[in-house]
Each structure stands twice: as C-alpha cells, then as structure tokens.
C-alpha cells in the first residue's frame with residue numbers, strides 16, 4: 038500500500054513539473070475568475086531539498102552582510118514562512134502583477150489549472166492567491 042501511495046505522489050509531482058516545463062517567462066496569467074492578473078516573471082521547480090535548506094537557515098545565525106543584502110534586495114518568495122515552505126515544496130511561478138502599485142504575486146504549481154495558447158490559467162482568483170497556504 039505504501040508503495041502505491043508513493044507512486045501516486047511521484048506521478049502528481051511529475052505532472053506538476055511537466056506543467057512548469059511548459060510555462061515561459063512573459064506568458065499572460067489568467068486567474069480563476071477569467072481576469073488577466075499579470076505575466077509570468079519566474080518559474081521555480083519543486084525543491085526536493087527544501088527541508089534541509091529550511092533547517093540550515095533556521096539553525097544558523099545570519100551574518101551582517103546577509104542581513105544587509107536581504108533588507109535591500111529581499112529574499113524570494115516574499116511571503117510568510119508557511120507559504121514559502123509550500124511554494125518551495127510544490128514549485129511556483131512569480132507573477133509580475135498588473136498596475137503601478139501592484140506587488141508581485143506567487144502561485145503554487147498545484148494552483149495552475151492549464152496552459153494553452155500562450156496563456157497560463159489558475160484555479161484561484163487573485164485574492165485567493167494571497168491566502169494560499
């Protein structure tokens with residue numbers, strides 16, 4: 038039974054990676070309500086070593102240079118820790134949002150419903166993206 042569950046998880050992960058491979062920077066992003074919310078700014082595949090990275094970051098004291106660079110340039114993705122963990126584990130896209138004051142948005146790979154005709158379609162609305170965990 039356990040090997041069947043692992044196989045199902047692996048197949049789902051391969052599907053996500055396949056979807057991410059079909060996405061290119063600059064594609065229009067359409068949310069679940071049909072609104073164009075921006076363009077793909079970056080595609081980040083799932084990170085199998087995310088937990089090891091998290092442990093290293095949590096267990097280490099940042100030096101002054103790292104603190105300075107993070108305060109100036111920030112770290113990607115710029116989201117709360119719980120959401121960042123989910124994005125690293127599932128893979129994600131960074132959406133360059135439309136509008137002068139619009140900030141960047143991130144969508145986990147499992148929120149991508151399809152990619153067709155040069156557009157990426159999400160299963161969530163713009164507002165739901167900000168609460169994904």
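Numbering (this note's numbering), first residue to last: 38 to 170. Glycine included, C-beta positions come from ideal geometry on N, C-alpha and C.
Check                                                                                                               : Outcome
contact_flag[the stretch 53 to 70, the stretch 117 to 125] where n(CB pairs < 8 Å) is 3 or more                     : no
Neighbourhood of residue 134 by C-beta, 7 Å cutoff - its chain only, sequence neighbours within 5 removed           : 74, 75, 140, 141 and 142
Boundaries (first-last residue) of the beta strand (DSSP E) holding residue 145                                     : 142 to 145
Residue burial classification, residue 147 (beta-carbon count within 10 angstroms, cutoff 16)                       : buried
Close beta carbons around residue 56, own chain, < 6 Å, minus the five adjacent residues each side                  : 149
Local Cβ density within 10 Å of residue 62, reported as buried at 16 or more and exposed below that                 : exposed
Cβ-Cβ distance between residue 130 and residue 80 below 7 Å                                                         : yes
Close beta carbons around residue 42, own chain, < 6 Å, minus the five adjacent residues each side                  : Note that residue 42 has pLDDT 40, beneath the 50 cutoff, so the model's placement of it is unreliable and the number below is only indicative. There are no such residues.
Own chain partners of residue 78 with C-beta closer than 6 Å, once the 5 adjacent residues on each side are dropped : 131 and 133
Classification of residue 109 by the beta-carbon crowding that lies within 10 angstroms, buried from 16 upward      : Here the model assigns residue 109 a pLDDT of 44, short of 50, so the residue's position is not dependable, and the following value carries that caveat. By the neighbour-count rule (16 or more Cβ atoms within 10 Å), residue 109 is not buried but exposed.
DSSP-derived helix/strand/coil call for residue 55                                                                  : helix
Contacting residues, own chain, Cβ-Cβ under 8 Å from residue 144 (five flanking each side not counted)              : 66, 129, 130, 132, 159, 161, 166 and 169
Where residue 161 sits in the DSSP three-state scheme                                                               : coil
Among 163, 164 and 154, the one whose alpha carbon lies nearest that of residue 60                                  : 154
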